[in-house]
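For the record, the sequence lines run as chains A and B. Counting from 1, one number per residue, gives the positions in the first sequence under my numbering. Counting from 1001, one number per residue, gives the positions in the second sequence under my numbering. C-beta: ideal position from N, C-alpha, C; glycine also. Note that the coordinates shown come from a computational prediction; the quantities given were computed from them, not determined experimentally.
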Amino acid sequence: MTALQLESLQVQQGAFSLEVAQWQARTAQFHALLGPNGAGKTTLLRTIAGELPYQGHVLLHGKDLRDWNPLQRARHLAVLPQASQLSFGFTAAEVVALGATPLSLAQRELRAEVRRVMALTDCAGLAAQLYPGLSGGEKQRVHLARVLLQLSQASDQPVLLLDEPTSAQDLGQQHTVLGQVRRLCLEQGYAAVAVLHDLNQALRYAQYCSLVDSGRVVAAGAPDGVITPLSVQQYWGYAAEPVTTSKGLPQLL
Amino acid sequence: MPSVAALGAALFLLSLFSIASGVMNLPLSQALLTIGDQLFGSEASRLKSHEQAVIWELRLPRTLLAVLVGVLLAQSGAVMQGLFRNPLADPGVIGVSSGAAVGAVAAIFFSPLSATWWTVPISAFIGGFLCSVFVYRLAHSQLGTSVLVLLLAGIALTAMAQAIIGLFSYLSDDTRLRNLTMWQLGSVAGANGTKVWIALIAALLLCWRFQFRAAALNAMLLGEAEARHLGIDVENLKRELIVLVALGVGLAVACGGIISFLGLVVPHAVRSINGPDHRSLLPLAALLGGLLLLCADIVARLAVQPAELPVGLLTALLGAPFFILLLLQLKDRM
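As structure tokens, then:
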């Protein structure tokens, strides 16, 4: 089922313009946005998140973003930021509870929901700790719990946008976060759209990829069809060597 | 919330003390009966008429005004810090205090002395309001309001305001210079019924609207984009809060002169003990702000009797060590 759909989209950001004639992201699918620096991946993601003015249509579950009530939209579409600006001394559980801003939950339900999503993202043990003192990976898990809470009352399949979710993380944390997002897609029908820089992560976790270059979507399809030595050479200017892991997973060296 | 009740009770008791004490020490029971007489038209108080006037026309308005100015400054400070996501932001940051100060100084300079009781508050409010609208317009673009531009514009306006105030001071004769200086030091000694009513209405309006926006302010601490993703109309929120802060600070400056430090220290102190959640931060900051300024005003009145200290000096003198102590004790909570 289609969760997000772009039609005749035009976004102007200074001298840079993004144009997408047709594009979609489906429910129960981890969709990676790939492309070299300055290609327009983040502009595309920010447009879908409703942060930038656009011409054309960005349809969330068939309805243009601009026609959604902001609170209703927040219940269906959430963004996991690359890094948060939060510097105030909330506890981790209080940060997670901020995800309930667009929801109507009684205090008791809220506490139970916070515990539930924190358990889901392996951060239940951090609940009483102060957020500013957490490591980068712990903070990311807390925010993942926060957006899960935000999406917990969605009446349609939730859409989760991720902007370079692993850029501030060590290797183990990168795989934990991407693994969790993939599980949400497969087990709970989330539509996840993530800007990724690491092509091997895309090959490993994504089920679908869009390749963006110079403000256009130049290729879309299954990861191993989009990420090839030829496309890597053409768009990143790097001669990659394809290998297959012992588990049959295609990777690039 | 037990802390709200405790602070409320402390504020009430301190208000009673403030009304009963001064150069002329009057029994608390009689002071209360005087207030009752004035409110309900009875004649229960045994105080002489000039003593009753001291209670009703001087101490009661002054006590109430000190509390209300404290409430306005502390709440405005808390909201500004939340809005700018910067615990060091101050209502003065966006230029409101400076604008208000220029307005007030201009009024003191230009108007005859007999007219200053109403021209100063109004000019201070207009100055503060115009400044905040100007700064906000400057920082506002199609893509939203830039907090960085707001902060920098506030700094520039403050510098300009200092220069204008300096110019007025330079051009003033001795009497005006003394008025200017005293006003800049901050005092609620000029309290009267009109000022109290205006401050009360403003304080109630601010408390109500800020509390209504408390959850949205919490979301703003995550960043503007995140707040938008959580369904908050960020532009609308910022517009409303900036106008209300301009109103609050403009009126506080108009009623009490320049009382620095309170808007910075009080929210900080509450946040250190109670955490940054605006739903409890705002009422606690209001009460603590009122309590602290009233406390400072009582000390200002009683410390060097029969003379008085400017309360603005005291808030800084009392507030700064308190603030440093809190910083030392609760560093990790900041």
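Listed as beta-bridge partners of ALA192 (chain A) by DSSP are A:PHE30 and A:LEU160. The beta carbon of VAL79 (chain A) sits closer than 7 Å to some beta carbon of chain B.
The stretch 1246 to 1260 of chain B and the stretch 1096 to 1106 of chain B touch, with three or more beta-carbon pairs separated by less than 8 Å. For ARG1085 (chain B), the C-beta contacts it makes with chain A under 9 Å involve GLN85, LEU86, SER87 and PHE88, in order along the chain.
Interface annotation for the stretch 1271 to 1285 of chain B against chain A: ARG1271, SER1272, GLY1275, PRO1276 and ASP1277, criterion Cβ-Cβ distance under 9 Å. Nearest CB-CB separation between THR101 (chain A) and chain B: below the 7 Å threshold. Residue nearest to GLU241 (chain A) within the set A:ILE48, A:VAL232 and A:LEU71 is A:VAL232 (criterion: CA-CA distance). PRO223 (chain A) sits close to LEU203 (chain A), with the two beta carbons spaced by under 7 Å.
Restricting attention to B:ILE1298, B:ARG1271 and B:THR1034, the CA atom closest to the CA of PHE90 (chain A) is found in B:ARG1271. Of the residues assessed, ALA128 (chain A) falls on the exposed side of the cut-off, its CB having fewer than 16 other CB atoms within 10 angstroms. Of B:ALA1296, B:VAL1299 and B:LEU1230, the smallest CA-CA separation from LEU80 (chain A) is found for B:LEU1230. Minimum Cα-Cα distance from GLN1211 (chain B) among the listed residues B:SER1029, B:SER1132 and B:LEU1282 corresponds to B:LEU1282.
C-alpha of LEU1293 (chain B) to C-alpha of GLN55 (chain A): approximately 54 Å in a straight line. No Cβ-Cβ contact shorter than 7 Å links VAL1249 (chain B) with SER1045 (chain B). One thing to note: GLY50 (chain A) has its Cβ no nearer than 7 Å to the Cβ of LEU34 (chain A). ALA1285 (chain B) sits away from LEU1314 (chain B), with the two beta carbons spaced by 7 Å or more. ALA1219 (chain B) and LYS41 (chain A) have their alpha carbons spaced roughly 26 Å apart.
Between GLY1082 (chain B) and PRO1091 (chain B), the C-beta gap is not smaller than 7 Å, which leaves the two residues out of contact. In this structure, DSSP gives THR1119 (chain B) a helical state, which the three-state scheme calls helix. For GLU7 (chain A), the enclosing beta strand (DSSP E) has its first and last residue at 2 to 13.
In this structure, ILE1298 (chain B) keeps its C-beta atom at 7 Å or more from the C-beta atom of SER1029 (chain B). Annotation: the continuous beta strand (DSSP E) that includes ALA219 (chain A) extends over 216 to 221. VAL212 (chain A) sits in a strand when the DSSP states are folded into three classes. Between the C-alpha atoms of GLY221 (chain A) and SER1132 (chain B) there is a straight-line separation of about 52 Å. Within chain A, no residue has its CB atom less than 8 Å from the CB of GLY1099 (chain B), the nearest being about 28 Å off.
Residue pairing of THR244 (chain A) in beta bridges, as defined by DSSP: A:PRO250. Residue-level contact by beta carbon holds for LEU1222 (chain B) and chain A, with a gap shorter than 7 Å. Of the other Cβ atoms in all chains shown, fewer than 16 fall within 10 Å of the Cβ of LEU1204 (chain B); this residue is therefore exposed. Using a CB distance cut-off of 7 Å, GLU51 (chain A) counts as an interface residue toward chain B.
At least one C-beta of chain B is nearer than 7 Å to the C-beta of LEU98 (chain A). Taking a C-beta cut-off of 8 Å against chain A, the contacting residues of the stretch 1228 to 1242 of chain B are ARG1228, HIS1229, LEU1230, GLY1231, ILE1232 and ASP1233, listed in chain order.
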